[in-house]
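Q: Structure incoming, see below.
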Amino acid sequence: MSLVNFTAREITCKLVYYGPGRSGKTTNLQYVHGRVPESRRGRMVSLATQTDRTLFFDFLPLELGTISGFTTKFQLYTVPGQSYYNATRKLVLQGSDGVVFVGDSQARRFDDNLQSLQNLQDNLLAQGVDIRQLPVVFQYNKQDLPSDLILSHEEMDDALNFRAVPSFGADALHGHGVFETLRGISELVLKRLAVGASVA
Amino acid sequence: MTVTLNPLYRFDTLVVGAANRLAVTAAKAVAEAPGTVYNPLFIYARPGLGKTHLLMAIGHAARAINPRLTVEYLTLDEFVEAFHAAIAAGHGEAYRKRFHDVDLLLVDDVQFLTHRREMQAELLRLTDALQAANRQIVLTSDRPPAEIEALDDRLIRRFAGGLIIDVSAPDYETRVAILRRKAEERRAAFGDGVLEAVATLGIDNVRELLGALNRLIAFQAVSEKPLRPDEARLLVGGGAERGEAINGRHVVEGAHSPPAPPVTAAPALAPPPAAPGFSEFDDFLSEIAATVAHQVDAWRGKVGAAILRWQGEGFRTTQLEALLAQEMVADPARALRDFEEDVERLQGMQTEAAALAPALAGSAVFRDPADLGAAREVLRQAREEGPPPPAPSPLWRLDALVETAANRVVVEAVRAVAAEPGQGYNPLVLVGAGSFGKTHMLHALGIALAERGGPVACLSAPEFTGELIEAIDRDAVAAWRGRYRRATAFLLDDVHLIADKDRTQEELFVLFNVLIGAGRQLVFTSAVPLAQLAGVEARLRSRLEGGLVVELPAPDAAVRERVLALELATRLGTADAELTGYLASRPADSIRAAQALLQRVLEAASAKGITPNAAFARALLEEPPTDASAPRRAPGSRSSGIVAAGAAASRSREKMVWEWPETGERLIEEWR
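Protein chains in written order, with this note's numbering: chain A, 1 to 200; chain B, 1 to 672.
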């Protein structure tokens with residue numbers, strides 16, 4: 001997917017929220033959805049299982065209007081976190097312009113986080129994308145839980161963020177850190193505009 | 001009527017927050033390079049959010065950068081009023097001219113264009129004219145162009161072609177910052193939390209906010225105790241109901257999404273439970289807009305800067321200007337790189353061409369990257385023609401020649417040649433011994449001929465031979481010949497030195513024929529009378545003799561006196577007639593020898609710190625040289641008498657007499 005289409009004068013950013021199941025990816029999108037004026041947001045498509053888990057993916061289109069002559073659209077996606085939906089994850093990941101890795105801060109989910117990150121790396125690689133070349137930010141969700149249950153922001157950074165990309169602590173349920181994360185990934189993605197032709 | 005810019009409305013007095021960051025960034029970009037980036041710039045915002053402040057700040061900043069810039073600020077009403085007055089007075093054209101000549105036009109409150117068809121047409125014309133002349137126009141309104149009732153579509157398109165940007169209401173942090181800054185300016189101090197409490201009231205109109213601050217200041221002035229936050233809130237009052245309903249207005253205009261609703265309808269857009277959170281999205285949106293604008297429009301800034309830079313260096317930048325005229329360029333970085341590469345090529349070509357033909361230095365053909373072909377053609381010609389032949393030395397001038405009875409014939413002949421080259425004496429051959437002034441005369445004549453235009457070749461015979469050898473060596477004899485054949489005059493010093501140089505003579509012979517045939521002037525000097533020229537081919541000698549051969553007499557006392565007087569006047573400002581007369585009367589077989597005498601006198605006089613005169617010169621030149629004339633060493637500055645001749649001289653301590661025995665004056669007396 002092109003980030004910038006100079007002919008149609010359109011900027012389209014596909015941002016994918018990735019992470020282990022139940023880490024709060026859909027919650028992120030729901031919070032954003034609730035804060036966007038109706039005129040700016042499209043219908044949030046969410047295909048969930050009976051137990052409210054994401055079956056396929058969530059999709060939230062955001063119309064940011066015309067910025068500097070470009071119709072700017074953000075498309076926020078989540079992937080199903082459960083390990084058996086890898087085909088869907090690969091599909092959603094295709095053509096993504098940036099990835100938010102939503103980690104679960106609970107200590108007991110430590111391995112799930114690592115596994116999911118490894119899975120992200122593998123899936124990107126399968127599409128010929130080097131994760132080092134793709135804008136990625138980390139969000140450590142559920143930081144509001146009692147401190148004895150969770151790893152701190154620093155500990156999560158130590159465990160996952162070895163490339164020192166931007167990372168945000170969050171409590172997606174109450175919105176803390178949600179827009180900060182979105183802003184973080186958007187800035188990273190949009191800064192690639194400066195690359196010019198390579199993204200055209 | 002044009003309002004003077006309010007000196008308080010500057011960028012540094014503007015509080016920048018998320019709500020106005022993009023607008024301020026764009027305004028600064030416009031102020032830094034009017035007419036090159038966002039043109040027109042259209043800023044819209046509800047009243048009291050700083051439109052006028054921004055507009056005037058642009059004017060101040062632009063003027064600070066370029067004081068010669070003509071900046072005009074006026075409200076639309078004034079614009080209309082001036083138009084009506086001009087039309088009534090029959091000065092419509094003068095009115096137009098007034099605005100067409102403005103470098104930066106700032107028009108406030110254009111929402112009043114509603115239903116004013118004639119003014120819309122006028123503004124359309126003006127916008128087009130200003131844009132065409134790369135002059136900047138900035139407009140403000142309380143609503144986006146599309147919402148100005150009955151506004152001409154063409155105007156809307158013009159505005160959209162530049163940048164339309166809005167200033168939304170300041171967020172809480174900005175409101176606190178504004179209150180703090182203004183309180184500081186008013187030198188009013190408030191207790192902790194007071195200003196913050198006022199900021200939470202959600203007064204999103206900056207003017208109202210300042211009104212609230214005034215109220216606080218006034219009450220605090222008459223109150224004995226400092227205001228408490230809750231009192232402040234009560235005092236300003238009614239703010240709680242204002243809420244944060246400032247939504248639906250964003251920094252960007254959604255051209256494809258439904259237009260932003262009018263201000264009054266704004267609260268209706270906000271879903272009640274999510275209302276406070278909207279500012280989160282607003283902040284997000286404004287930051288994204290700023291990033292996109294920065295990234296997307298960065299190329300405009302870069303191209304604008306490149307235009308200024310290359311125009312400053314004298315290059316034509318039509319290609320870059322064409323880029324700016326486009327709304328979008330597929331790959332601006334590449335276009336810029338291509339342009340700069342073309343400029344580099346031009347610079348390289350110009351350097352080479354200037355070395356080949358100095359007249360090409362600074363030629364306009366090397367200033368237009370859009371037409372490299374023309375530059376290449378000129379360079380190709382310059383390469384074919386090669387560098388110009390050696391020119392005469394500008395040190396010697398014909399009018400500085402000293403004319404006496406003895407050399408009158410020569411001087412007259414030279415003047416005749418200078419007046420009508422190639423017409424009369426061709427070739428002219430000056431014969432005379434060394435130091436008689438042949439070279440002087442040759443170069444002076446060369447300069448006079450060069451002033452008539454065209455390349456004049458003036459060099460000595462050994463130089464001519466040397467160049468030929470080099471050309472043979474480089475296999476470039478044809479180019480070398482071309483250089484001389486294009487000369488409008490050819491002056492060769494010391495032609496007798498071509499003796500026994502067969503190839504030189506052959507080339508000279510051919511050149512002679514070519515130039516004579518083309519009516520060009522030839523001048524030669526020779527230290528040997530032509531009849532005695534040995535080792536020179538007869539055909540060449542006969543050709544030399546075919547023109548006018550004049551003999552330079554040895555410079556007599558009169559010539560020497562004139563030359564010395566000239567030189568003395570140059571060096572001392574005045575010429576002592578007695579001194580020059582004396583020096584000229586001294587035996588000297590050449591001008592140079594007379595000049596050496598003068599030099600000696602001047603140096604001696606300078607050493608003594610006096611102005612030389614005839615008596616001094618006589619004493620210096622006629623007294624037998626004695627050792628007494630050598631400067632006596634000052635007492636106390638004794639040395640071994642061994643003077644180190646420089647770095648290479650022996651400085652061995654063993655070979656130096658470091659301590660000279662105290663012999664006083666005795667030794668010198670005995671020595672005498």
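No residue lacks a Cβ here, since even glycine has one placed at the ideal position from N, Cα and C.
In angstroms with no decimal places, state the Cα-to-Cα distance between residue 567 (chain B) and residue 555 (chain B).
A: In the second sequence, the residue the question calls residue 567 (chain B) occupies position 567. In the second sequence, the residue the question calls residue 555 (chain B) occupies position 555. Those two C-alpha atoms are separated by around 16 angstroms.
Q: Starting from the Cα of residue 36 (chain B), find the closest Cα among B:97, B:607, B:300 and give me that residue.
A: Here residue 36 (chain B) is taken as the residue at index 36 of the second sequence, counted from 1. Of the listed residues, the one whose Cα sits closest to residue 36 (chain B) is B:300.
Q: Among B:118, B:123, B:111, whose alpha-carbon lies nearest the alpha-carbon of residue 146 (chain B)?
A: Here the question's residue 146 (chain B) lines up with position 146 in the second sequence. Nearest C-alpha to residue 146 (chain B): B:111.
Q: Would a C-beta distance cut-off of 8 angstroms place residue 79 (chain B) and residue 107 (chain B) closer than the cut-off?
A: Taking the first residue of the second sequence as position 1, residue 79 (chain B) is located at position 79. Taking the first residue of the second sequence as position 1, residue 107 (chain B) is located at position 107. For residue 79 (chain B) and residue 107 (chain B), yes; Cβs fall inside 8 angstroms.
Q: If we call anything under 8 angstroms between Cβ atoms a contact, is residue 318 (chain B) one with residue 374 (chain B)?
A: Here the question's residue 318 (chain B) lines up with position 318 in the second sequence. Here the question's residue 374 (chain B) lines up with position 374 in the second sequence. Going by C-beta atoms, residue 318 (chain B) is not nearer than 8 angstroms to residue 374 (chain B).
Q: Can you find a CB in chain B that lies within less than 8 angstroms of the CB of residue 11 (chain A)?
A: Counting from 1 along the first sequence, the entry for residue 11 (chain A) is found at position 11. At least one chain B Cβ lies under 8 angstroms of residue 11 (chain A).
Q: Nearest-angstrom Cα distance between residue 636 (chain B) and residue 607 (chain B)?
A: If you number the second sequence from 1, residue 636 (chain B) lands on position 636. If you number the second sequence from 1, residue 607 (chain B) lands on position 607. Low confidence applies here, because residue 636 (chain B) scores a pLDDT of 45, under 50, leaving its location unreliable and the question unanswered by this model.
Q: Within a Cβ cutoff of 6 angstroms, which residues of the same chain sit near residue 480 (chain B), ignoring the five residues on either side of it in sequence?
A: In the second sequence, counting from the first residue as 1, residue 480 (chain B) sits at position 480. 471, listed in sequence order.
Q: Along the chain, which unbroken stretches of the alpha helix (DSSP H) at least 4 residues long are found entirely within the stretch 429-466 of chain B?
A: Those alpha helix (DSSP H) runs which fall completely within the stretch 429-466 of chain B and span 4+ residues are 438-450.
Q: Please confirm if residue 16 (chain A) has its CB atom under 8 angstroms from at least one CB of chain B.
A: In the first sequence, the residue the question calls residue 16 (chain A) occupies position 16. Taking Cβ atoms only, chain B never reaches closer than 8 angstroms to residue 16 (chain A), which makes this a no.
Q: Does residue 426 (chain B) come out as helix, strand or coil in the three-state DSSP assignment?
A: Residue 426 (chain B) sits at position 426 when you count from the first residue of the second sequence. Residue 426 (chain B) falls in the coil class under three-state DSSP.
Q: Give me the residue from B:281, B:468, B:232, B:8 with the minimum Cα distance to residue 177 (chain A).
A: Your numbering for residue 177 (chain A) matches position 177 in the first sequence. The residue with the shortest Cα to Cα distance from residue 177 (chain A) is B:281.
Q: For a contact defined as C-beta to C-beta under 7 angstroms, what are the partners of residue 67 (chain A) on chain B?
A: Counting from 1 along the first sequence, the entry for residue 67 (chain A) is found at position 67. Result: 252, 289, 292, 293.
Q: Given a threshold of 16 other Cβ atoms within 10 Å of its Cβ, counted over all protein chains shown, does residue 4 (chain B) qualify as buried or as exposed?
A: Here residue 4 (chain B) corresponds to residue number 4 of the second sequence, with the count starting at 1. Counting Cβ neighbours within 10 Å, residue 4 (chain B) comes out exposed, since fewer than 16 surround it.
Q: Less than 8 angstroms between the C-beta atoms of residue 167 (chain A) and residue 137 (chain A), yes or no?
A: By 1-based counting over the first sequence, the position of residue 167 (chain A) is 167. By 1-based counting over the first sequence, the position of residue 137 (chain A) is 137. For residue 167 (chain A) and residue 137 (chain A), yes; Cβs fall inside 8 angstroms.
Q: From residue 323 (chain B) to residue 336 (chain B), what distance separates their C-alpha atoms?
A: Your numbering for residue 323 (chain B) matches position 323 in the second sequence. Your numbering for residue 336 (chain B) matches position 336 in the second sequence. Roughly 9 angstroms separates the two Cα atoms.
Q: Count the other CB atoms, across all protein chains shown, that sit within 10 Å of the CB of residue 126 (chain A); report buried if there are 16 or more and exposed otherwise.
A: The residue labelled residue 126 (chain A) in the question sits at position 126 within the first sequence. So residue 126 (chain A) ends up on the exposed side.
Q: As an exercise, report each continuous beta strand (DSSP E) stretch of at least 3 residues that is fully enclosed by the stretch 65-134 of chain A, in chain order.
A: As far as the stretch 65-134 of chain A is concerned, its whole beta strand (DSSP E) runs of at least 3 residues are 70-78, 98-104.
Q: Would DSSP call residue 174 (chain A) helix, strand or coil?
A: Translated into positions along the first sequence, residue 174 (chain A) becomes position 174. The answer is coil: DSSP assigns residue 174 (chain A) none of H, G, I, E or B.
Q: Per DSSP, what kind of secondary structure is residue 577 (chain B) in: helix, strand or coil?
A: Here residue 577 (chain B) corresponds to residue number 577 of the second sequence, with the count starting at 1. Reduced to three states, the DSSP call for residue 577 (chain B) is helix.
Q: Rounding to the nearest angstrom, what Cα-Cα distance links residue 190 (chain B) and residue 229 (chain B) in this structure?
A: Against the second sequence, residue 190 (chain B) aligns to sequence position 190. Against the second sequence, residue 229 (chain B) aligns to sequence position 229. Going by the C-alpha atoms only, they are around 9 angstroms apart.
Q: Quick check: what's the CA-CA separation for residue 15 (chain A) versus residue 50 (chain B)?
A: Taking the first sequence and counting its residues from 1, one reaches residue 15 (chain A) at position 15. Taking the second sequence and counting its residues from 1, one reaches residue 50 (chain B) at position 50. If you take the alpha carbons of residue 15 (chain A) and residue 50 (chain B), they lie about 35 angstroms apart.
Q: Does any residue of chain A bring its CB to less than 8 angstroms from the CB of residue 706 (chain B)?
A: Limits of chain B in this structure are 1 at one end and 672 at the other, which puts residue 706 (chain B) out of reach.
Q: Applying a beta-carbon distance threshold of less than 8 angstroms, which residues of chain B neighbour residue 191 (chain A)?
A: Residue mapping note: residue 191 (chain A) aligns to position 191 of the first sequence, counting from 1. Here the neighbours are 291, 295.
Q: In its own chain, which residues sit with a C-beta less than 8 angstroms from the C-beta of residue 418 (chain B), not counting the 5 before and 5 after it?
A: On the second sequence, position 418 is the one that residue 418 (chain B) refers to. Answer for residue 418 (chain B): 398, 445, 448, 449, listed in chain order.
Q: Run through chain A and tell me which residues come within less than 7 angstroms of residue 285 (chain B), C-beta to C-beta.
A: What you label residue 285 (chain B) is simply residue 285 of the second sequence in a count that begins at 1. The contacting residues are 64.
Q: Look up residue 15 (chain A) in the DSSP assignment and give the residues it is bridged to.
A: As a first step, residue 15 (chain A) is located in the first sequence; it is residue number 15 there, counting from the start. A:76, A:98.
Q: So which of A:69, A:148, A:10 has the shortest CA-CA distance to residue 108 (chain A)?
A: Residue 108 (chain A) sits at position 108 when you count from the first residue of the first sequence. The candidate whose alpha carbon is nearest that of residue 108 (chain A) is A:148.
Q: Applying a beta-carbon distance threshold of less than 7 angstroms, which residues of chain A neighbour residue 280 (chain B)?
A: Counted from its first residue, the second sequence places residue 280 (chain B) at position 280. By Cβ distance, chain A contributes 35, 179.
Q: Using 8 angstroms as the threshold, is the C-beta distance between residue 120 (chain B) and residue 77 (chain B) below it?
A: Here residue 120 (chain B) is taken as the residue at index 120 of the second sequence, counted from 1. Here residue 77 (chain B) is taken as the residue at index 77 of the second sequence, counted from 1. No; because the gap between Cβ atoms is not below 8 angstroms, this pair is not in contact.
Q: Could you check if residue 25 (chain A) is buried or exposed, using at least 16 other CB atoms within 10 Å of its CB as the buried criterion?
A: The count along the first sequence starts at 1 and reaches residue 25 (chain A) at position 25. Answer is buried; the Cβ neighbour count reaches 16.
Q: Quick one: what's residue 548 (chain B) bridged to in DSSP?
A: Translated into positions along the second sequence, residue 548 (chain B) becomes position 548. Answer is B:428.
Q: Between residue 182 (chain A) and chain B, is any beta-carbon pair separated by less than 8 angstroms?
A: Against the first sequence, residue 182 (chain A) aligns to sequence position 182. Yes, because at least one Cβ of chain B sits closer than 8 angstroms to the Cβ of residue 182 (chain A).
Q: For residue 96 (chain B), tell me which candidate among B:342, B:413, B:279, B:126 has the shortest Cα-Cα distance.
A: In the second sequence, the residue the question calls residue 96 (chain B) occupies position 96. Per the Cα distances, B:126.
Q: If we define contact as Cβ-Cβ less than 8 angstroms, is residue 96 (chain A) a contact residue for chain B?
A: Taking the first residue of the first sequence as position 1, residue 96 (chain A) is located at position 96. No, because no Cβ of chain B sits closer than 8 angstroms to the Cβ of residue 96 (chain A).
Q: Taking 7 angstroms as the cut-off, is the beta-carbon of residue 23 (chain A) closer than that to any non-hydrogen atom of the ligand MG?
A: With respect to the ligand MG, the structure shown offers nothing to examine, as it has no ligands at all.
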